[in-house]
Amino acid sequence: MSSLTARIVKEVNELRWHFDALNWVQLLSVLTVFTFFLILPVLTIVQSSFIYNGKISLYWFQHILQDPLYLPWKGVEGRFFDIIEYSTQQGKQVLIFVEGLDFGIILNSLFVASMTTIFSTLIGFVLAFIFARYKFFGDEILRIALLAPLLSTPFVGAIGIKKMITSEGVLNTLFVDLLRVMPFRIEVTGISAVILVQTLLFYPITFLNIYTSIINIDPSLEEQAENMGASGFYLFRTVTLPLSLPGIEAGALLVFILSIEDLGTPIVFRGSNADKLMPVYIFRNMFTPTGSIKGDATALSLILLLISATIFVVLRRYISLRRYAMLTKGGIWRPRRKKLRFSVSVFVYIICIFILLVALLPHIGVLLLAFAGEWPSGQLLPTYYTLRNFYKLFTEPGVLRSIINSVVYASVATVLIIVLGVSAAYLVSRVKVRGMELLDTLVTLPIAIPGIIIATGFFLVYLTTPLSPLIWGAPLLIMSYTVRKFPFTVRAVFAGLEQVDKSLEESAINIGASRTRVFFTITLPLIFINILAGGMLSFIYSMSEVSTGIVIGDANHNDAPMTWKMYDMLFKGFGGTFVAAAMGVMLMLLQFIMIVGSNLLLRKRAVALIGI
Amino acid sequence: MVSIKTMDLVKRFGNVVALDRVSLNIKHGEFFTLLGPSGCGKTTFLRSIAGFELVDEGRIFFDEDDVTYVPPHKRNTGMVFQNYALWPHMTVYDNIAYGLRVRKLPKDEIDRRVKWALKLVHMEGLENRTPHQLSGGQQQRVALARVLVIQPKVLLLDEPLSNLDAKLRIEMRAEIRRLQRELGITTIYVTHDQEEAMSISDKMAIMNRGKIMQVGDPIDIYFHPKNSFVADFIGQGTFIEGEVVDIDDFLEVELESGLGRVKAVPSRNDLDIDVGDKVLITIRPESFSLNPIDNSNRFHIHVYHVSFLGNVKRIQGSSNDKRFLVDADPMANINPDEDITVYAPYKLTLAIKI
Chain P
1 MSSLTARIVK EVNELRWHFD ALNWVQLLSV LTVFTFFLIL PVLTIVQSSF IYNGKISLYW
61 FQHILQDPLY LPWKGVEGRF FDIIEYSTQQ GKQVLIFVEG LDFGIILNSL FVASMTTIFS
121 TLIGFVLAFI FARYKFFGDE ILRIALLAPL LSTPFVGAIG IKKMITSEGV LNTLFVDLLR
181 VMPFRIEVTG ISAVILVQTL LFYPITFLNI YTSIINIDPS LEEQAENMGA SGFYLFRTVT
241 LPLSLPGIEA GALLVFILSI EDLGTPIVFR GSNADKLMPV YIFRNMFTPT GSIKGDATAL
301 SLILLLISAT IFVVLRRYIS LRRYAMLTKG GIWRPRRKKL RFSVSVFVYI ICIFILLVAL
361 LPHIGVLLLA FAGEWPSGQL LPTYYTLRNF YKLFTEPGVL RSIINSVVYA SVATVLIIVL
421 GVSAAYLVSR VKVRGMELLD TLVTLPIAIP GIIIATGFFL VYLTTPLSPL IWGAPLLIMS
481 YTVRKFPFTV RAVFAGLEQV DKSLEESAIN IGASRTRVFF TITLPLIFIN ILAGGMLSFI
541 YSMSEVSTGI VIGDANHNDA PMTWKMYDML FKGFGGTFVA AAMGVMLMLL QFIMIVGSNL
601 LLRKRAVALI GI
Chain X
1 MVSIKTMDLV KRFGNVVALD RVSLNIKHGE FFTLLGPSGC GKTTFLRSIA GFELVDEGRI
61 FFDEDDVTYV PPHKRNTGMV FQNYALWPHM TVYDNIAYGL RVRKLPKDEI DRRVKWALKL
121 VHMEGLENRT PHQLSGGQQQ RVALARVLVI QPKVLLLDEP LSNLDAKLRI EMRAEIRRLQ
181 RELGITTIYV THDQEEAMSI SDKMAIMNRG KIMQVGDPID IYFHPKNSFV ADFIGQGTFI
241 EGEVVDIDDF LEVELESGLG RVKAVPSRND LDIDVGDKVL ITIRPESFSL NPIDNSNRFH
301 IHVYHVSFLG NVKRIQGSSN DKRFLVDADP MANINPDEDI TVYAPYKLTL AIKI
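Set out below in structure tokens:
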């Protein structure tokens, strides 16, 4: 017994030695926020998925697993594409209508995420390899331009590209009606369109991750292999590829998660089989007529969560705060880059510029829409241009209010993220107690939890409390922004902390300063830049948040953020799309300023930082 | 100023035992050096004294006070880090004043003491510089001033000279010793450089794999190593294993590899050597003579390398595959491939029990 007592005394002493009052405050506040606004909502979803008529039951899962709506029990529906012939005044025309097969809600989501991941990884890898290994005229500008889709704000990409790829859209008008180089029209919609848009949205993430991991390969490793006689594809297969594999895998898994939880893209293709994707279906069907949450929606949420959590566990091998630090620290050596022969560089230009043009289609579409006065389908360009859509941002009832709402919510969330994020990063980086890895996992976890699940969970937990979104939208929206955008900001801070030599803090402690004092007088001033950059990122990420924004916005229009208003305007008919596009352009501009700003602040340290 | 006593300190990092029952007594005002190969645990010991590592077992006392669980900022030690750890966002003055401001001293008192510290390390007039405007040696002086100004109970120096070039290193070594004498402060110094350790210390401890191998003053350690690790680690020498076959005035040792018998003395009086014990015979290079002398062991060696070191000629040779290191007069005419006879006095032929 006495050895047990001694052990307890020792453990308590150790804990007291490692933790001072500030650390306790930091730890408890991070844990409180994550408990109430992440763990509790998720656990409630788990719990209510297993309850039917007040009893514990597998009813909802049996229901989902048997219903052909969710799984293709009645066979795969639809066709990959249809060829439709129809007559017009100009004569007979052919339309190839690409929608994609319908495998039922669950498999549809997996299919879309898999395809998006494969395509993004392929594009990302090709681009990363070209830019990491070759030098050619204009490479720096092209590389940055190819990252432009990172500026995409919710809906924007999808709105823009939808205008391009419908049967009467810009591309068909251009190539079929005006240039007459294509004998038939192509319309892409539904699941196929979602894959297309998401690939264009997400390839920069794989591109950045793979690029960073290739340029961080110590050149001497490849030189050693060459020295021993390896070259060409053999060298690539045996050294370069294995060493860049972590970057490839991390990028691909991240894209998979982002794709499967994406609500903003499929929601734009309303009326097609894109409605039969998990996040959209949950969003549209979560409420019973009496306003409570449907059991099949929570059960479907749980399935979605299990899928993304599984991917997260794998991803976790690569993505922890530490890994971010490692990625951003590297690059002290000069990467191996060869000059391209002219003939080859022409080929590279063609590839890059083609990708760039396709990638910029959504942006071009959105810009045109934002300035369009009128744009009938079948017209290549708007009939006239106007600033009216931007004027409406400040005059249309509800629009200005939603913008102000978003700014306020995002600002408060940013403050919270910074205070809590600095705390979490500091604890993980500096306090060496068993279990700190768990905190690292906890604050990275929001990457794995689809926004629609947080939204559903919030309703389940808080609908009957004073925090009910029906009474007041602000608290839950702010907390949702805080939790969901936490991982992306905390790593900017963590990377900064890892660059501050611990002896700078220890020398202050040594001459009598308490840890709290050291934190404020030494640590914070030294990572100020990282905090500022992280804050700018969290602000813009919060402004662009979709899932909880539109769910709560749908329930409480007065307190809705601008992402809900964009969604609302989009389907309002006359002129609504134009105003939504103008809001998108405004967000893009803000994003551009923030991302460029934070990159300027961090300089070279930022290589992998904007890659989500 | 305090004396420091550690009792059976144990510190593990995963499977690595960084401190393995380390017990040391460091007296008031003593300049105590920890010497050992990298990874031997010497820095961990220093950080445990400062309080940055919490030991898994054992106790640490400053005089009579148990400080084992006292947090680092309340221990009042002054630690100088290997990289100096000057705060880049503060001036020299603010760096030095930091510890005084923590102690909430009145402004004029802070000013007075910062000036005193600057003068102590000969850095007057540089108080408004920022650390990156200083040379390595100047940074070192500021780092010293920053801890001395708070009048710590003990000065802890973690390889403080390793980032300086060779000439400055010798200059700062003398400077550190001067400050230590002037202030009479108990000092623990960590280094892997044996010449540095020998030249600066009152007392030193040799560490290996977390264990203290020997504690003593530099002369004692050099001439009377307690075990084969210390004999090998400190200085150079010729090392041959053998077995004690007889004891009279000297130990009679039968060497391995058929090198015959030698007479030797125990490296230390406290080594309890008996007939039948295995011992390591250790002879320092300077103990050899090329000329026959009385009461000495004789070896015939084949010379394979001669290097001129300035003050001596160092001869590397072998006999029955055992390596010999012999220092000769710098003008001696010895060439590779010669066979020579060397003599080592019995009294300088040391036997260490293994």
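Respectively, the protein sequence lines represent chains P and X. Quick note on the numbering used here: the first sequence kicks off at 1 and runs consecutively. Quick note on the numbering used here: the second sequence kicks off at 1 and runs consecutively. Yeah, the Cβ is synthetic: ideal placement off N, Cα and C, and Gly gets one too.
Alpha carbon to alpha carbon, how far is residue i from residue j?
| i | j | result |
| --- | --- | --- |
| H73 (chain X) | V30 (chain P) | 26 Å |
| M594 (chain P) | V358 (chain P) | 25 Å |
| K107 (chain X) | I509 (chain P) | 21 Å |
| G614 (chain P) | A555 (chain P) | Lying before the first or after the last residue shown, residue 614 (chain P) is absent from chain P, which here runs from 1 to 612. |
| S199 (chain X) | N297 (chain X) | 31 Å |
| I352 (chain X) | Y222 (chain X) | 13 Å |
| Q236 (chain X) | L325 (chain X) | 8 Å |
| H63 (chain P) | D296 (chain P) | 8 Å |
| V9 (chain P) | F111 (chain P) | 55 Å |
| N83 (chain X) | Y462 (chain P) | 53 Å |
| S3 (chain X) | H28 (chain X) | 5 Å |
Could you check whether residue j and residue i sit closer than 7 Å to each other, using their CB atoms as the reference points?
| i | j | result |
| --- | --- | --- |
| G78 (chain P) | L107 (chain P) | no |
| I281 (chain X) | A264 (chain X) | yes |
| E243 (chain X) | K211 (chain X) | no |
| P225 (chain X) | S162 (chain X) | no |
| S120 (chain P) | T206 (chain P) | yes |
| A533 (chain P) | V366 (chain P) | no |
| R59 (chain X) | M7 (chain X) | yes |
| K485 (chain P) | S538 (chain P) | yes |
| T186 (chain X) | M1 (chain X) | yes |
| L636 (chain P) | A85 (chain X) | Residue 636 (chain P) cannot be examined here, being either before or after the span of chain P that is shown, 1 to 612. |
| K203 (chain X) | E30 (chain X) | yes |
| D158 (chain X) | L46 (chain X) | yes |
Which residue comes first and which comes last in the beta strand (DSSP E) that contains residue i?
| i | result |
| --- | --- |
| F31 (chain X) | 31-35 |
| K485 (chain P) | Per DSSP, K485 (chain P) belongs to no beta strand (DSSP E) and is neither H nor E. |
| A264 (chain X) | 261-266 |
| M182 (chain P) | From DSSP, M182 (chain P) is part of no beta strand (DSSP E); its letter is neither H nor E. |
| Q316 (chain X) | 313-319 |
| G216 (chain X) | 211-216 |
| A252 (chain X) | It should be pointed out that residue 252 (chain X) corresponds to Glu in this sequence rather than to Ala. Run containing E252 (chain X): 251-255, per the beta strand (DSSP E) assignment. |
| I352 (chain X) | 350-353 |
Identify whether residue i lies in helix, strand or coil by the three-state DSSP scheme.
| i | result |
| --- | --- |
| G242 (chain X) | strand |
| Y69 (chain X) | coil |
| P446 (chain P) | helix |
| I281 (chain X) | strand |
| D108 (chain X) | helix |
| H302 (chain X) | strand |
| R605 (chain P) | Caution is warranted here: a pLDDT of 48 is assigned to R605 (chain P), below 50, making its placement in the model unreliable, and the coordinate value is therefore given only provisionally. In the structure shown, R605 (chain P) sits in a helix (DSSP, three-state: H, G or I). |
| V22 (chain X) | strand |
| S377 (chain P) | coil |
| R430 (chain P) | helix |
| S244 (chain P) | helix |
| V325 (chain X) | Looking at the sequence itself, residue 325 (chain X) is Leu, so the reference to Val does not match. Strand. |
| K339 (chain P) | strand |
On the DSSP bridge list, what partners appear for residue i?
| i | result |
| --- | --- |
| M7 (chain X) | X:R59 |
| P345 (chain X) | X:S296 |
| Y385 (chain P) | P:A372 |
| M79 (chain X) | X:L156 |
| T187 (chain X) | X:F31, X:L155 |
| M207 (chain X) | X:I212 |
| R12 (chain X) | X:V17 |
| I51 (chain P) | P:I56 |
Which two residues bound the contiguous alpha helix (DSSP H) that contains residue i?
| i | result |
| --- | --- |
| F394 (chain P) | 388-395 |
| E99 (chain P) | It is not in any alpha helix (DSSP H) - E99 (chain P) carries neither H nor E in the DSSP assignment. |
| K502 (chain P) | 502-510 |
| D139 (chain P) | 139-145 |
| K565 (chain P) | 562-570 |
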